[in-house]
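Read left to right, the sequence shown gives residues 83 to 318 (the working numbering).
The beta carbon of each residue, even a glycine, is placed where N, CA and C say it ideally should be.
What follows is a set of notes on a single structure, which appears directly below.
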Amino acid sequence: MNCDRLAPYYETLERLAFGSCLEQMRFAFLGEVAGAERVILCGDGDGRFLAALLRANTRVQVDFVDLSGRMIEVAERRVVNMGPSLRERVRFFAGDVREFQPQAKGYDLIATHFFLDCFSQAEIAEVVARIGSWAAPGAQWIVSEFREAETLLGRVWTRAIIRGLYAAFRVSTGLRVTRLPNYAAALAQQGYSVRIEKTKLAGLLQSSLWELRAKRGVSRRDGLAEETREPVAIGT
Ligand SMILES: C[S@@+](CC[C@H](N)C(=O)[O-])C[C@H]1O[C@@H](n2cnc3c(N)ncnc32)[C@H](O)[C@@H]1O
83 MNCDRLAPYY
93 ETLERLAFGS
103 CLEQMRFAFL
113 GEVAGAERVI
123 LCGDGDGRFL
133 AALLRANTRV
143 QVDFVDLSGR
153 MIEVAERRVV
163 NMGPSLRERV
173 RFFAGDVREF
183 QPQAKGYDLI
193 ATHFFLDCFS
203 QAEIAEVVAR
213 IGSWAAPGAQ
223 WIVSEFREAE
233 TLLGRVWTRA
243 IIRGLYAAFR
253 VSTGLRVTRL
263 PNYAAALAQQ
273 GYSVRIEKTK
283 LAGLLQSSLW
293 ELRAKRGVSR
303 RDGLAEETRE
313 PVAIGT
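Printed below as a string of structure tokens:
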């Protein structure tokens, strides 16, 4: 996938297609994560969530990883325009999240907006496990994604829109994925549970706030799934 060509027009195209709906999904939980101090944003694209997070939280330090150099340019320009003190709180890394090596682990917030859908079902568990391995105990993870609505009729039209979006991304970026992966199962497997969920456009869009409670593993002795408790620091 290469979003370089798309980067300068990404925001405009999104607004033409969905108005402010995707933006509302990205920003849905800014209030809940106001206390985050170390954050990693994976595939944040043109940096609109980054800018909102920096405005909302005056202490946060952010690592920003994206495959597209042009997306990073747009995101960095956005933050530079907000002033040097905000720019100092962000480190930009151009590259594949699957190869990224954080300088230090222990992020208390992970955010992936419309990013996990860039991976296939065969890839998603490994991607989520990798990103999840950088989290601090009790970390939060915000996920925004498209999804198929639950009713029969809803499923028909949401599926059609999702197929159309995948086709558009295939043409414009070379993305090979054609179906939404089951990221929820992958997060649960890593010990995350959903705290809050919001949907929009009759179920086509979903944003959810997950919290790391326990890691699920597989016992070598009997092959059964077992739960291993992580030290939890959750203020709920
Ligand atoms: C659909 S865009 C979403 C951008 C933004 N998060 C948003 O809310 O609109 C997906 C973004 O993920 C980036 N991306 C895709 N695969 C990636 C990977 N393996 N590692 C890092 N970034 C990746 C793309 O370059 C692009 O900026």
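Suppose you measure from the CA of residue i to the CA of residue j; what does that come to, to the nearest Å?
| i | j | result |
| --- | --- | --- |
| Ala118 | Leu294 | 14 Å |
| Thr94 | Val147 | 22 Å |
| Val156 | Leu88 | 11 Å |
| Ala204 | Val276 | 23 Å |
| Trp292 | Gly127 | 21 Å |
| Ala176 | Ile213 | 16 Å |
| Trp223 | Phe182 | 18 Å |
| Ile78 | Ile244 | Outside the displayed range of the chain (83 to 318) lies residue 78, so it cannot be described from this structure. |
| Val142 | Ser150 | 23 Å |
| Gly96 | Arg171 | It is Glu, not Gly, that sits at residue 96 in the sequence shown. Between Glu96 and Arg171, the C-alpha separation is close to 27 Å. |
| Ser301 | Leu104 | Its pLDDT being 33, under 50, Ser301 is placed unreliably in this model, and the coordinates cannot settle the point. |
| Leu98 | Lys187 | 38 Å |
| Ser102 | Leu287 | 12 Å |
| Leu198 | Val179 | 11 Å |
| Tyr189 | Leu136 | 16 Å |
| Val259 | Met164 | 35 Å |
| Thr194 | Leu123 | 6 Å |
| Ala249 | Leu257 | 9 Å |
| Gly129 | Leu112 | 14 Å |
| Ala134 | Ala270 | 27 Å |
| Ile154 | Ser167 | 18 Å |
| Thr240 | Tyr92 | 21 Å |
So which of the options has the shortest CA-CA distance to residue i?
| i | options | result |
| --- | --- | --- |
| Leu132 | Leu247, Ile192, Arg97 | Ile192 |
| Glu227 | Leu235, Val161, Cys85, Phe201 | Phe201 |
| Thr233 | Pro219, Ser215, Gly285 | Gly285 |
| Ala242 | Ser254, Thr194, Leu262 | Leu262 |
| Gln185 | Ala221, Ala217, Cys85 | Ala217 |
| Val121 | Val144, Leu283, Asn84 | Val144 |
| Arg229 | Phe196, Phe109, Ala134 | Phe196 |
| Ser289 | Phe109, Ala99, Asp86 | Phe109 |
| Lys282 | Ala270, Tyr248, Gly236 | Gly236 |
| Gly220 | Tyr274, Arg258, Glu170 | Tyr274 |
| Val115 | Ala138, Tyr265, Asn264 | Ala138 |
| Arg152 | Ala211, Pro90, Arg180 | Pro90 |
| Val210 | Cys85, Arg130, Gly125 | Gly125 |
| Lys280 | Val225, Phe174, Gly129 | Val225 |
| Phe100 | Cys85, Leu247, Pro166, Gln272 | Leu247 |
| Asp86 | Ser215, Phe251, Thr240, Val238 | Phe251 |
Over what stretch of residues does the beta strand (DSSP E) that includes residue i continue unbroken?
| i | result |
| --- | --- |
| Trp223 | 217-228 |
| Phe175 | 172-176 |
| Ser290 | 287-294 |
| Leu123 | 120-124 |
| Pro193 | Here the sequence assigns Ala to residue 193, which means Pro is not the residue at that position. From DSSP, the beta strand (DSSP E) with Ala193 extends over 189-195. |
List the endpoints of the continuous alpha helix (DSSP H) containing residue i.
| i | result |
| --- | --- |
| Ala211 | 203-214 |
| Tyr91 | Unbroken run through Tyr91: none, as it is neither H nor E. |
| Phe146 | It is not in any alpha helix (DSSP H) - Phe146 instead sits in the beta strand (DSSP E) that spans 143-148. |
| Ser275 | Counting along the chain, Ser275 falls outside any alpha helix (DSSP H), though it belongs to the beta strand (DSSP E) covering 274-282. |
| Thr240 | 234-255 |
| Cys103 | 103-108 |
| Pro166 | 166-169 |
| Phe131 | 130-138 |
| Gly151 | 151-162 |
| Ala270 | 265-271 |
Under 8 Å by Cβ, that's how I've got residue i and residue j pegged, so tell me the actual separation to the nearest angstrom.
| i | j | result |
| --- | --- | --- |
| Thr255 | Met107 | With 8 Å as the limit, Thr255 and Met107 do not qualify as a contact, their Cβ atoms being about 21 Å apart. |
| Ala207 | Ala266 | About 12 Å; that fails the 8 Å criterion. |
| Arg173 | Val161 | 11 Å between Cβ atoms; not a contact. |
Say yes only if the C-beta of residue i is nearer than 7 Å to one or more non-hydrogen atoms of ligand 3, and no if none qualify.
| i | result |
| --- | --- |
| Leu132 | This structure simply doesn't include ligand 3; it includes ligand 1 instead. |
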